[in-house]
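See below for the structure under consideration.
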Amino acid sequence: MTDVIETTGSSPDPRATDTRDRGGPAQPMLIVENIKKYFPIRAGLLNKKVAEVKAVDDISFYVLKGETLGIVGESGCGKSTLARLLMYLIDKDEGHLILDGDPVGEKTGTSLDGLRRSLQMVFQDSYSSLNPRLPIENSIAYGPKVQGATAKSAKEQARALLEKVGLKADRFGQRYPHELSGGQKQRVNIARALALDPRLLILDEAVSALDKSVEAQVLNLLGELKEQLNLTYIFISHDLHVVKYISDRVLVMYLGQVVEIGPVDKIYENPLHPYTQALLACRLSMDPDERVDSAPLAGDPPNPVNPPSGCRFHTRCPFAEEVCMSKAPSLGDALRADASEHLAACHMVHAGSGHSKAPNPDTRQLPLWQQGEMR
Amino acid sequence: MTDIPAGSLPVDKSQSVPSTKVRGYWGSVWNRLRYDYVTLFCMALIAAIVLAAIFAPWLSPMDPEKSSMANRLRPIGHAKFGLGTDEQGRDMISRLLWGGRVSLLMGIVPVFFATLIGGAFGIIAGYYGGKVNMVIMRTMDVFFAFPSVLLAVAIAGSLGGGIGNQMITLTVVLIPPLCRVAETATAQVRSLDFVDAARASGASTYSIITSHVLINVLSPVLVYSSTLVSISIILASGLSFLGLGVSPPTADWGLMLSTLRQSIYVQPLVAALPGVCILITSIAFNLVSDGLRQAMDVKA
Chain F
-14 MTDVIETTGS SPDPRATDTR DRGGPAQPML IVENIKKYFP IRAGLLNKKV AEVKAVDDIS
46 FYVLKGETLG IVGESGCGKS TLARLLMYLI DKDEGHLILD GDPVGEKTGT SLDGLRRSLQ
106 MVFQDSYSSL NPRLPIENSI AYGPKVQGAT AKSAKEQARA LLEKVGLKAD RFGQRYPHEL
166 SGGQKQRVNI ARALALDPRL LILDEAVSAL DKSVEAQVLN LLGELKEQLN LTYIFISHDL
226 HVVKYISDRV LVMYLGQVVE IGPVDKIYEN PLHPYTQALL ACRLSMDPDE RVDSAPLAGD
286 PPNPVNPPSG CRFHTRCPFA EEVCMSKAPS LGDALRADAS EHLAACHMVH AGSGHSKAPN
346 PDTRQLPLWQ QGEMR
Chain P
1172 MTDIPAGSLP VDKSQSVPST KVRGYWGSVW NRLRYDYVTL FCMALIAAIV LAAIFAPWLS
1232 PMDPEKSSMA NRLRPIGHAK FGLGTDEQGR DMISRLLWGG RVSLLMGIVP VFFATLIGGA
1292 FGIIAGYYGG KVNMVIMRTM DVFFAFPSVL LAVAIAGSLG GGIGNQMITL TVVLIPPLCR
1352 VAETATAQVR SLDFVDAARA SGASTYSIIT SHVLINVLSP VLVYSSTLVS ISIILASGLS
1412 FLGLGVSPPT ADWGLMLSTL RQSIYVQPLV AALPGVCILI TSIAFNLVSD GLRQAMDVKA
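Chains as they are written, first to last, in the numbering used here: chain F, -14 to 360; chain P, 1172 to 1471.
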């Protein structure tokens, strides 16, 4: 897969002229601070809360302006819940969002409406995310109309956006979603998300349901749009190849928590967390000689209602020791760390954690298991 | 993986593309309905019945309430009374035309109001879910617990007879099933991503319901309410038959069926006429609703 994203030559760099920018280029686009969401499980006659699903448990990270942050993890690890929390589609229990320096939904800062104009989302299921009874043009024009545009200008904008995502407005504008292919529908969804001129786009498994050739087209389209419109992406996927292709940084989630975060090259070349290593080992190779015979990771993820004590991964981790069961490893301060830093929530990375494979605090030496023993 | 720039994707600009015919939603519904001859015939039949009822004062050859003891229970094909006379010598043609007025009113008006009220409650219950849903739907369940005829008799019995009370009765009886259909359809739509996408664009709940939910809930509710028209007519006939609806001498198909019952051995064909009218009307409404259901299905 080659890098096909090219800047449109003649037009000036949109970054220099973006009037929406408030915090300056160094201010992250979005800061997520200790966000939490526990879903209650209710049972019995009085609907008493009997337990909680810890879907998103104390997650912090930031997204820089103009970058693509990939979020990966198994099904059910809380990726989509996180996306919906960021969009305010479900209410968070705790935590803060800071959009370009302004806290969201608090007394001083951006209103919820401001967030919605700046933050949009492309949903995974391209069919159910379009109203089957509305022509696609009207679906796209709905957002601007809600935000106060006249019917005529909203429609013009919708048609321009259709052209922008590669669909002829005259031919497709009046069609219904069932008259389009999966790739075309996902293009319409992207156009709908762009209709409010957002700065940050959350792509929740946006290309997962498409076949490979269409997926490539849509990924190229996303790359072009990012350059043209000065967008920032949060790209949620379980396809590690796609994430590697599109992301600048990668965040790995396991059972509602961040286990590893860092630049894409560092994570793919030198994964620190055993879970990331297992995920990467699951990737299918293009070379038929390198078959994966057995799954590197056995079993299902533990129940998020009752997550394991200590490190949540210790039940499936090949390196688990005493300390992993009793003490939860910390990721470090993901908000203070530089974007080029590579953090992992694993005792084997932290010196003096008590794990036998942890690096010696005196000699700054990589642990044994990283020196090629595992490869 | 090849690089296909988005701007020049599949369409060759030099080639002229035949312009696709643009149809709105209702345009495409009509396009499917156009070839459904059974439904079209039944729609024409309903239109004829409605017109006949509206223009009954001008169409009916005689006064429907003027009795004549000399001409009691004449057979069908009588020189003066084309469809015979009833047990009080009143002209059956006139009475059937006038009776259609009351019966159609009983079929359409309660269903219309029940659709409005039940549909609104159903959409609210389905959209908000949770406690709102529980309060509304459990209240509906109380009415559901009774068979519809029994419920109608109970309400009509306590309200008393008369056309107005009969309509109120039928509306109350028809609200719970319509509410349930609207609630189910809304809850289904509510869970789809396009509602979340609309919320993400900052739309108010009212705007989402009117421009996204309603259009998707409309067709199942409309189709279901059209099946209720025939049920409502039959229920109204039943109430009249029991003496809880319109009072004599007003003409009403149900009431006519009831009073002509005693004469069934004397003039069986005449006695069956009001029943035939009810039968034809309700079958026509049922077939039309069936056709509508197919025509309103976008994916067909």
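We put the beta carbon where it would ideally sit given N, CA and C, even for glycine.
Is F/ARG144 near F/GLY158, with beta carbons less than 8 Å apart? yes
Note down, in chain order, every chain A residue with its Cβ under 8 Å from the Cβ of P/ARG1370. Absent here is chain A; the protein component of the structure consists of chains F and P.
Determine the burial state of F/GLN356: buried for a count of at least 16 other Cβ atoms within 10 Å of its Cβ, exposed for fewer. Legend: pLDDT at F/GLN356 = 49, less than 50; position of this residue unreliable, no value from coordinates given.
For a contact defined as C-beta to C-beta under 9 Å, what are the partners of P/ASN1387 on chain F? Per Cβ cutoff of 9 Å: ASN116, PRO117, ARG118.
Look at the alpha carbon of P/ALA1296 and the alpha carbon of P/MET1305, and state the distance between them as a whole number of angstroms. 8 Å
By a C-beta neighbour count over all protein chains shown, 10 Å radius and 16 as the cutoff for buried, is F/HIS332 buried or exposed? buried
Chain-order list of residues whose beta-carbon lies under 7 Å from that of F/PRO292 (same chain, five-residue window excluded): Within the same chain, and ignoring the five residues on either side of F/PRO292 in sequence, the residues whose Cβ sits closer than 7 Å to its Cβ are LYS39, LEU240.
Taking P/SER1231 as the reference, which of P/ALA1218, P/PHE1212, P/SER1239, P/LEU1254 has the closest Cα? P/LEU1254
When the distance is taken between beta carbons, is F/VAL48 closer than 8 Å to F/LYS21? No.
P/TRP1269, buried or exposed, once every other Cβ within 10 Å from all chains shown has been counted against 16: Buried, because 16 or more other Cβ atoms sit within 10 Å of the Cβ of P/TRP1269.
Could you have a look at F/ASP87 and say whether DSSP puts it in helix, strand or coil? strand
Please name the residue in F/LEU119, F/ILE125, F/GLN213, F/ALA36 whose C-alpha comes closest to that of F/ASN174. F/ILE125
Residue interval of the beta strand (DSSP E) (run including P/LEU1267): Note, P/LEU1267: premise wrong, no beta strand (DSSP E); alpha helix (DSSP H) at 1263 to 1299.
Distance, P/THR1430 Cα to P/ILE1402 Cα: Distance from the CA atom of P/ILE1402 to the CA atom of P/THR1430, rounded to whole angstroms, is 21 Å.
So, using beta-carbon positions, are F/GLY404 and F/VAL249 closer together than 8 Å? The displayed coordinates of chain F run from -14 to 360. Any statement about residue 404 of chain F would go beyond what the structure contains.
Here's the rule I'm using: 16 or more other beta-carbon atoms within 10 Å means buried, otherwise exposed. How should P/PHE1456 be labelled? buried
Would you verify that the beta carbon of P/ALA1374 is, or is not, closer than 8 Å to some beta carbon of chain F? At least one chain F Cβ lies under 8 Å of P/ALA1374.
Looking at the strands, I want to know which residues DSSP matches up with F/MET238. Its beta-bridge partners are F/VAL243.
Alpha carbon to alpha carbon, how far is P/ARG1370 from F/GLY295? Give it in angstroms, no decimals. 38 Å
Thinking just about the alpha-carbon of each residue, which of P/VAL1400, P/LEU1244, P/ALA1241 is nearest to the one in P/LEU1345? P/VAL1400
By how many angstroms is the C-alpha of F/LEU179 removed from the C-alpha of F/ARG7? 20 Å
Bridge partners for F/GLN171 per DSSP, in chain order? Answer is none; F/GLN171 lacks a bridge partner.
Which residues DSSP lists as bridging P/MET1233, in chain order: Answer is none; P/MET1233 lacks a bridge partner.
In this structure, what does DSSP give as the bridge partners for F/GLN213? Answer is none; F/GLN213 lacks a bridge partner.
Quick check on the burial criterion: 16 or more other C-beta atoms within 10 angstroms. Buried or exposed for P/ALA1241? Label assigned to P/ALA1241: exposed.
With distances taken between CB atoms, is the gap from F/LEU71 to F/ILE187 smaller than 8 Å? yes
As an exercise, report each continuous beta strand (DSSP E) stretch of at least 3 residues that is fully enclosed by the segment 1314 to 1366 of chain P, in chain order. DSSP runs (the beta strand (DSSP E)) wholly in the segment 1314 to 1366 of chain P: none.
Uninterrupted alpha helix (DSSP H) stretches inside the segment 1385 to 1430 of chain P (no shorter than 4 residues): 1385 to 1412
Compare the C-alpha of F/GLY317 against each of F/GLY151, F/LEU328, F/GLY9 and name the closest. F/LEU328
Run the CB neighbour count on F/SER311, radius 10 Å, all protein chains shown included, and call it buried at 16 or more, exposed below. Under this definition F/SER311 is an exposed residue.
List, in chain order, every chain F residue whose beta-carbon is nearer than 9 Å to that of P/ASP1367. Near P/ASP1367 (Cβ distances below 9 Å), the residues of chain F are ARG69, MET72, LEU74, MET106, PHE108, SER114.
Please list, in chain order, the chain P residues whose beta carbon lies closer than 7 Å to that of F/LEU181. SER1372, listed in chain order.
So is P/ASP1468 in contact with chain F if we call contact Cβ pairs under 8 Å? No, P/ASP1468 lies away from the interface with chain F (no Cβ there is under 8 Å from its Cβ).
Straight-line gap, P/THR1381 to P/ALA1316 (C-alpha atoms, nearest Å): 32 Å
Determine the extent of the alpha helix (DSSP H) in which P/ASN1202 is found, giving its start and end residues. 1196 to 1204
Which class does P/ILE1451 belong to by DSSP, given the choice of helix, strand or coil? helix
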